[in-house]
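Student: In the order they appear, the protein sequences are chains A and B.
Residue numbers are given in the numbering used here: position 132 of the first sequence equals residue 1177, and the series is strictly consecutive.
Residue numbers are given in the numbering used here: position 161 of the second sequence equals residue 158, and the series is strictly consecutive.
Sharing a structure, written as structure tokens. Questions coming.
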Amino acid sequence: MTDPYSLTVNGTDHQVVDAWLGESLLYVLRERLGLPGSKAGCEQGECGSCSVIVDGSLECACLILAAAAVGCDITTVEGLQPGRGDFTTVQEAFIAEGAVQCGFCTPGLVVALTDLLARVPHPSDLEVREAISGNLCRCTGYGRILAAAQAAAKAASDE
Amino acid sequence: MSGTVGAPVSRIEGLSKVTGEARYAADFPLAGLAHGWIVQSTIARGRVESVDAGAALQMPGVLAVVTATNAMRLQDVDDGELLVLQDQQVHYRGQTVALVVGDTLEQARAAADGLPVEYQAEPHDVLLSASHPRLFAPDHVNPNLPTDTLTGDVEAGLAGAAVTVDHTYSTPAEHNNPMEPHATTAFWDGDRLTVYDSNQGATRVHQALVRLFGLEDSAVRVVSEHVGGGFGSKGGARSQAVLAAMAARMLGRPIRVVLSRKQLFSLVGYRTPTIQRVRLGSDRGGRLVALDHQVVEQTSTVYEFAEQTAVFSRVMYATPNLSTSHRLVALDVPTPRWMRAPGEAPGSFAVESAMDELAEACGVDPIELRIRNEPVTEPEGGRPFSSRNLIACLREGASRFRWAERDPRPGTRRDGQWLMGTGVAASTYPARSAPSTASVSAQEDGSFIVRLTAADIGTGARTALTQVAADELQVPMDKVEVRIGDSDFGPAMIAGGSMGMASWGWVVVKACRQLIADIDRCGGVPDDGLVARADTADDIAAQADLVRHSFGAQFAEVRVDVDTGEIRVPRLLGVFAAGRIVNAKTARSQLIGGMTMGLSMALFEESLMDAEFGDYLNHDFAGYHIAANADVQRIDATWIDEEDDQLNPLGVKGIGEIGIVGTAAAIANAVYHATGQRQRHLPIRPDRVLSP
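This is the structure in structure tokens:
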């Protein structure tokens, strides 16, 4: 067991105690901090279902040791803050455009596109495709996800 | 009130999925939860001689090592894959040989990684071939169809045909790979077992656990509110549910067992590889006089699964002489099962490729060829169709795709290093319903609650069923709550075989109509509410003996890089006749998703068997490529209005599978049109394009 450490997730400090040093950030989020929105789809950084933002950088939580994220500002799907209303423009666009099917890849995609639109408010289709190149979806065929990204960008600029 | 059925209604549970609030089987927090990790065999055939748990049990947090020597005894069932840890035999590499249970998942996993397991290995046999000495004819093929069929005299028909096509096509093993790995969280409350399980239908998991543990129906509850895809791999109970329930019983604690992506390649089924010989004989105008479709495929030694690969040929084209056959060999491999459109998906690749070859041989347009061979009644058996609109789909698609402008000559269109071509293929899938039960309750406040053991694995079933109930009850959708994914609601069909809406929709309509009649009889909803229950078993048994199928037409445009062999697919179009469409938004996504999986099947998906070790060696997402967004360009799906009053009260045929049927053939035919080289083996890898 390692010494207790603290993780800053969605603006809140969480104490992690009695953990093993080898635990991934994904594991700690899901199993220790009660944040199962990030999904474990492959554990090798191929599917992007566990995408989180660490100090402003989009990362696969399965590839980061939790203890290495001490002192970082971590945002998960649970911590995405709406500008107004109950959910963000990306989340709203995913529902309205029909970009959600089984939903297992959805949290990672929502986080990835939130990260993109924070950096690039009016992305081209190619920039959207590059932004979600690390996210696999087995249900939708991606077309509605690309449409949702553009709808979210438009909605954000209309606000 | 105007109806909602047919409208593009947004997914009801969308909000919970985009915010991460939706709870899947591995997401439920439980006090005292412990974790199980599966240890898999490292030989493909033989026996487990010993498992030395001593060191593992000394490791931090390790609670138990469950093996065949100390596992709880299970009652016998017909699916050997569920009789986990009941004996020492090893039937395939990757089979479960132990479950390590720990306070945390990482503790269990660490102990499992070093667990010493000694084997008595035997030589294994893992390679499928058309000349395998142990090929046999199974008693039937999935789900319960004849293994072989014969109408007329195929050999005489071929001998007298003006034009013949005789080729062998193959498709590889493919793994379903839903994004959510299979998972179960199980706990016992006294003698009552509850599991949160990832499946396509809680009823079947319930039935399996009842039998395996020798319990009363009322002693098992299976809850599956949200499921992260299945594509056939979650159609029945899988062994992680049995292991979780067993370990929870043995340890007296809640247990979660989650499979890793790699474990999905051994433990939950896959599409069998197929070797298909197709022989066609026709007159000079392409009118078939004979069709022969012979399939060779594999199963395991644990459970016999025979894919119905050749059934596609039994319904598609008119011919006086028609034969189909399936031969199986039981290898030392994991058990193949359903994968999206089992039968039709690989079967259509072979036959629709062969039809393209026949069109070429006859000098007939491939769409015209299919129209010339349109049957009046079912080619095998002669029963009438309830409805059949293949020609309408072909014509609508031809118009939208601008097929009339196509130059049929292969290998003649070039743009820089790209060769360009287009192709077409036909599609079909059965439209069936299965008995289900449901209840609808009228609440005092004017709202209604529908309860049934349906599953929404991403299809949109929850939303579509809410539309159906709202229309029947003549109230807005927000007055209806549809609760699904709970075996306590009574038996119902699974989300499989494209039978979900055709089964659940039927029983929901019936229950709603019963409730309205009851309300009328009572003169209103009594103070304590009113509940109506329905069961469709008798209605389905009374159906007329008709052939009920969806049909469709798939169009593909490809570009083939002459230097690298890379294939791009700028355009796919699918036009389907699938009865009534309940939700235009979720239905289109289902069809496009199926076509995308068809593109993935055509170009990428292939599980490679390592003959020496007897395992699928590319068993993760780094080695097994499923279509990523960069692989997908423009994909459109549409449908023609089709009314069919011989199906079910809703007139739905089901749309989960037909989108994948024919896609690979359309792409392969387009590759031929682009390059002039026929591709008879999937996937169409760059090396196959460059070295035909």
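Idealized CB from N, CA, C, for every residue including glycine.
Whole angstroms are fine: how far does the CA of ALA619 of chain B sit from the CA of ALA180 of chain B?
Tutor: 22 Å
Student: List, in chain order, every chain B residue whose beta-carbon is nearer than 7 Å to that of PRO1152 of chain A.
Tutor: GLY17
Student: How should ASP453 of chain B be labelled, buried or exposed, when 16 other C-beta atoms within 10 angstroms of its C-beta is the threshold for buried?
Tutor: buried
Student: Should TYR426 of chain B be flagged as near chain A, meaning a C-beta pair shorter than 8 Å?
Tutor: Closer than 8 Å: no.
Student: Can you list, in chain order, the residues of its chain whose CB lies under 7 Å from that of ALA608 of chain B, leaving out five sequence neighbours each side?
Tutor: VAL123, LEU124
Student: Counting along the chain, where does the alpha helix (DSSP H) carrying LEU366 of chain B start and finish?
Tutor: Run containing LEU366 of chain B: 363 to 369, per the alpha helix (DSSP H) assignment.
Student: Run down chain B in chain order and give the residues with a C-beta less than 7 Å from the C-beta of GLU1169 of chain A.
Tutor: The sequence as given places Ser at residue 1169 of chain A; Glu does not occur at that position. Within chain B, no residue comes near SER1169 of chain A; the closest Cβ sits about 14 Å away, beyond 7 Å.
Student: Name, please, each residue of chain A whose Cβ falls closer than 7 Å to the Cβ of PRO26 of chain B.
Tutor: GLY1079
Student: For chain A, find out if any of its Cβ atoms is closer than 8 Å to the Cβ of PHE618 of chain B; answer yes or no.
Tutor: yes
Student: Note down, in chain order, each residue of its chain lying with its Cβ closer than 7 Å to the Cβ of VAL2 of chain B, except the 5 sequence neighbours on either side.
Tutor: Once the five neighbours on either side are set aside, the close Cβ partners of VAL2 of chain B are GLN464, VAL465, ASP468, VAL579.
Student: Does the distance from the CB of PHE610 of chain B to the CB of ARG90 of chain B come in under 8 Å?
Tutor: yes
Student: Could you name the residues of the same chain whose beta carbon sits closer than 6 Å to that of SER1069 of chain A, not counting the 5 residues immediately before and after it, in chain order?
Tutor: CYS1107
Student: Would a C-beta distance cut-off of 8 Å place THR64 of chain B and VAL81 of chain B closer than the cut-off?
Tutor: Not a contact, by the Cβ cut-off of 8 Å.
Student: Work out the CA separation of GLY1116 of chain A and ASP75 of chain B for me, nearest whole Å.
Tutor: GLY1116 of chain A has its alpha-carbon roughly 54 Å from the corresponding atom of ASP75 of chain B.
Student: Residues of chain A with CB closer than 8 Å to the CB of ILE632 of chain B, please, in chain order.
Tutor: GLY1186, GLY1188
Student: Pick from B:THR306, B:VAL62, B:ASP641: whose alpha carbon is nearest that of PHE382 of chain B?
Tutor: B:ASP641
Student: Any beta-carbon of chain A closer than 8 Å to the one on MET(-2) of chain B?
Tutor: Unreliable positioning characterises MET(-2) of chain B in this predicted model, as indicated by a pLDDT of 48, which lies under 50. The coordinate reading is nonetheless provided below. When Cβ-Cβ separations below 8 Å define contact, MET(-2) of chain B makes no contact with chain A.
Student: Which runs of the alpha helix (DSSP H) spanning at least 4 residues fall entirely within the stretch 520 to 572 of chain B, listed in chain order?
Tutor: 534 to 538
Student: Classify VAL373 of chain B: buried if its beta carbon has 16 or more other beta carbons within 10 angstroms, exposed otherwise.
Tutor: exposed
Student: Could you name the residues of chain A that HIS223 of chain B contacts, counting a contact when the two beta carbons are closer than 9 Å?
Tutor: CYS1147, GLY1148, PHE1149
Student: Which class does SER167 of chain B belong to by DSSP, given the choice of helix, strand or coil?
Tutor: strand
Student: Counting contacts by CB-CB distance shorter than 8 Å, is GLY226 of chain B in contact with chain A?
Tutor: yes
Student: Just confirm the distance between the C-beta atoms of PHE548 of chain B and TRP636 of chain B, as a whole number of angstroms; I'd bet it's less than 8 Å.
Tutor: About 11 Å separates the two Cβ atoms, so there is no contact after all.
Student: Any beta carbon from chain B within less than 8 Å of SER1094 of chain A's own beta carbon?
Tutor: yes
Student: Could you check whether ALA1111 of chain A and VAL1099 of chain A sit closer than 8 Å to each other, using their CB atoms as the reference points?
Tutor: No, Cβ-Cβ distance for VAL1099 of chain A and ALA1111 of chain A is not below 8 Å.
Student: Just curious, the alpha helix (DSSP H) that VAL472 of chain B is in, first and last residue?
Tutor: That residue, VAL472 of chain B, is in no alpha helix (DSSP H); it is neither H nor E in DSSP.
Student: Using the C-alpha atoms, what's the distance from SER495 of chain B back to ILE652 of chain B?
Tutor: 6 Å
Student: Measure how close the beta-carbons of ALA422 of chain B and GLU349 of chain B come, nearest whole angstrom, since I'm counting them as under 8 Å.
Tutor: 4 Å
Student: Let me know the secondary structure DSSP gives MET606 of chain B once reduced to three states.
Tutor: MET606 of chain B falls in the strand class under three-state DSSP.
Student: Is the CB of VAL1122 of chain A under 8 Å away from at least one CB in chain B?
Tutor: yes
Student: Can you name the start and end residues of the alpha helix (DSSP H) that MET247 of chain B belongs to?
Tutor: 236 to 248
Student: Return the CA-CA distance between THR1057 of chain A and CYS1105 of chain A, expressed in angstroms with no decimal places.
Tutor: 20 Å
Student: Skipping 5 residues on each side, what residues in its chain have a beta carbon closer than 8 Å to that of ALA581 of chain B?
Tutor: GLY3, ALA4, PRO5
Student: Does MET(-2) of chain B come out as helix, strand or coil in the three-state DSSP assignment?
Tutor: Caution is warranted here: a pLDDT of 48 is assigned to MET(-2) of chain B, below 50, making its placement in the model unreliable, and the coordinate value is therefore given only provisionally. In this structure, MET(-2) of chain B counts as coil in the three-state DSSP scheme.
Student: Using a beta-carbon distance below 8 Å, is PRO1049 of chain A in contact with chain B?
Tutor: no
Student: Going by DSSP, what residues sit across from THR182 of chain B in a beta bridge?
Tutor: Per DSSP, B:TYR193, B:ARG253.
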